[in-house]
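Trainee: Questions regarding the structure given below will be posed in turn.
Protein chains: 2
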Amino acid sequence: MSQRATTTYPTGDPGAVDRFVVAVDVVLLSVVDGKLRTVLVRRGEEPFSGDWALPGVAVRSGEALEDAAARALADKARLNETFLEQLYTFGIPDRDPRSRAISVSYYALVPELALRAALDESSELVLAVIDHDGIHHPDGRELAPAFDHARILATAVERIRGKLDYSSVGFELLPRRFPLRELQAIHETILGQPLNKDSFRRRMITSGRVRATGVREVDTPYRPAELYEFAPPGESTQANETETR
Amino acid sequence: MSQRATTTYPTGDPGAVDRFVVAVDVVLLSVVDGKLRTVLVRRGEEPFSGDWALPGVAVRSGEALEDAAARALADKARLNETFLEQLYTFGIPDRDPRSRAISVSYYALVPELALRAALDESSELVLAVIDHDGIHHPDGRELAPAFDHARILATAVERIRGKLDYSSVGFELLPRRFPLRELQAIHETILGQPLNKDSFRRRMITSGRVRATGVREVDTPYRPAELYEFAPPGESTQANETETR
DNA sequence: TGGCATATATGCGACGAGCATATATGCTAT
DNA sequence: ATAGCATATATGCTCGTCGCATATATGCCA
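Going line by line, the protein sequences match chains C and D. For the first sequence, this note's numbering gives the first residue as 1, with consecutive numbering after it. For the second sequence, this note's numbering gives the first residue as 1001, with consecutive numbering after it.
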């Protein structure tokens, strides 16, 4: 088809090459009240006016993709310093009825507490529930996101499921220190299935992914558990040694 | 920063939003003569004229990203019907000195035989070797790819290493039927380390990823091994049952 | 026919997973 | 004060897989 067989793309002549709108859409995930949730924004204009969509922005000319994603989070949900990682790039020609636009999607993970603090009660934002059978408004109504955002969402969930047990995904959804019970609850919510408690504890501790802090929970109606923290790989791994006292 | 807090991006007004060149670059990987290799193309124009780059094209206005990647493969290496999967999108503002351009990268996997058949001996193409210490021309000289293509390449290698033992990555680099010894060699080359033979065989067979065909190698200078084929997940898994006769 | 290189089968010890049981600990109701 | 409770934490058992070693099978070649 093409006559040029050895060039990356034609020379800088601006007329020779098509240009596209590049958007960044962010799947902001959290586990709130034991359910996997994502923040959606109500669209104020066509197309899909009134529908719910992922928070997103158009990338500016001098802006890095990741910076645009961070800007989307800051603009739409007043969130800064969140875990943010690129997900996938969606670009079928008709995904935006206005003009050809590609979406570089990211996913962000925020602990329940940080999300509660950041989200105002705006009626333009919703903390939708992600179930095995779709996306629902907290009031129970099913919810059909704008554009191809349902597919982007599904891709994000698939991704964090796959990365759950060899990355920091689980820890990004918790405060710095946490009891193992809550880490297990996060894993079970994301996977949608219960996990064996003893194996989970042993695996987390002996693999060195987690480190005991010597501090315990307070004000629990039952025996307080030890608090653990994330132990990033590559530190001096004293992975054994229960070190409870 | 932005005043708009609830829209994905501004309305269809073409002047309101920046547009970008969108390129697709393909990391074409194969294991040839026991070494992991990638196809690079010599650039015929500025910038980086004369340097080696990943095969790539500019996406056309009505074209899907994956179709553009397939076109890059067909144009540059006469390859069709190859395994092709999206890798990552690179978009820092200055990655192309001509104008803002983002690169949606893909990786493709081709068996040694198919690659030999497709690659003409053009001096504009090279089958570079990927080592633990960089990228080398087959004649041994180190090779510094154009643009940020070295980083794209490194990302591709990292990705296939991670997907090696839970995806079809290894099989895409072999003909339809193969002895387990060759599958193990592929794995060892990609990982850069030897694997235990017995465990490897057991793992492949008992996990049901592979199925004995009942056919054996021919014309070997030693005892011919049984030929196996890839068993895609979700088929009637008779994972046990050695079924050699 | 024996040697060689590889394939294939079998056995063994170590380790981690799943599971069950026993004990520890902080709170609360009486 | 004390018993009951819900949870945490420790220990032991069985089983499957992994790494490793050994034994046997098979095709070619000198």
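We treat Cβ as the ideally placed atom computed from N, Cα and C, and that holds for glycine.
Check the Cβ of residue 62(C) against every Cβ in chain D and list those closer than 7 Å, keeping chain order.
Mentor: 1093
Trainee: Under a three-way DSSP split, which group does residue 199(C) fall into?
Mentor: helix
Trainee: Quick one: is residue 1192(D) buried, meaning 16 or more other Cβ sit within 10 Å of its Cβ, or exposed?
Mentor: exposed
Trainee: Could you please give the first and the last residue of the uninterrupted alpha helix (DSSP H) stretch that includes residue 1184(D)?
Mentor: Counting along the chain, the unbroken alpha helix (DSSP H) around residue 1184(D) starts and ends at 1180 to 1191.
Trainee: Rounded to whole angstroms, what's the CA-CA distance from residue 1153(D) to residue 1038(D)? Just pull it up for me.
Mentor: 9 Å
Trainee: Classify residue 1141(D) as buried or exposed, calling it buried when 16 or more other Cβ atoms lie within 10 Å of its own Cβ.
Mentor: Residue 1141(D) is exposed by the Cβ-count criterion.
Trainee: Should residue 1081(D) be labelled buried (16 or more other beta-carbon atoms within 10 Å of its own) or exposed?
Mentor: exposed
Trainee: Can you tell me the Cα-Cα spacing of residue 1216(D) and residue 1225(D), whole angstroms?
Mentor: 6 Å
Trainee: Only counting the same chain, and skipping five residues up and downstream in sequence, which positions put a Cβ closer than 7 Å to that of residue 1175(D)?
Mentor: 1111 and 1113
Trainee: Note down, in chain order, each residue of its chain lying with its Cβ closer than 8 Å to the Cβ of residue 229(C), except the 5 sequence neighbours on either side.
Mentor: 176, 177, 178, 210, 211 and 213
Trainee: Rounded to a whole number of angstroms, what is the C-alpha to C-alpha distance between residue 132(C) and residue 1045(D)?
Mentor: 52 Å
Trainee: Please tell me whether residue 1105(D) and residue 1087(D) are closer than 7 Å, where the distance is taken between their beta carbons.
Mentor: yes
Trainee: According to DSSP, what are the bridge partners of residue 1139(D)?
Mentor: DSSP, once it has assigned bridges, lists no residue as partnering residue 1139(D).
Trainee: Taking the alpha helix (DSSP H) that residue 155(C) belongs to, which residues open and close that run?
Mentor: 149 to 163
Trainee: Please list the terminal residues of the continuous beta strand (DSSP E) segment that includes residue 68(C).
Mentor: Element bounds for residue 68(C): not the beta strand (DSSP E) but the alpha helix (DSSP H), 65 to 77.
Trainee: According to the Cβ coordinates, are residue 181(C) and residue 1018(D) closer than 7 Å?
Mentor: no
Trainee: Mind pulling the chain C residues with CB within less than 9 Å of residue 1065(D)?
Mentor: 89, 90, 91, 92 and 102
Trainee: For residue 1062(D) versus residue 1025(D), is the C-beta spacing smaller than 7 Å?
Mentor: no
Trainee: Whose CA, out of 1150(D), 1149(D), 1127(D) and 1148(D), lies closest to the CA of residue 1139(D)?
Mentor: If we check each option's Cα against that of residue 1139(D), 1127(D) comes out closest.
Trainee: With a threshold of 16 other CB atoms inside 10 Å of the CB of residue 1195(D), please say whether the residue is buried or exposed.
Mentor: exposed
Trainee: What are the residues that DSSP puts in a beta bridge with residue 102(C)?
Mentor: 22(C)
Trainee: Could you compute how far the alpha carbon of residue 1093(D) sits from the alpha carbon of residue 1100(D)?
Mentor: 6 Å
Trainee: Got a sec: is the Cβ-Cβ distance from residue 1019(D) to anything in chain C below 7 Å?
Mentor: True, the Cβ-Cβ gap to chain C drops below 7 Å.
Trainee: Does residue 205(C) come out as helix, strand or coil in the three-state DSSP assignment?
Mentor: helix
Trainee: Please go through the same chain and pick out, in chain order, the residues whose beta-carbon is closer than 7 Å to the beta-carbon of residue 231(C), but skip the five residues on each side of it.
Mentor: 208, 209, 210 and 211
Trainee: Any idea which residues DSSP pairs residue 56(C) with across the strands?
Mentor: Assignment of beta-bridge partners to residue 56(C) by DSSP yields 25(C).
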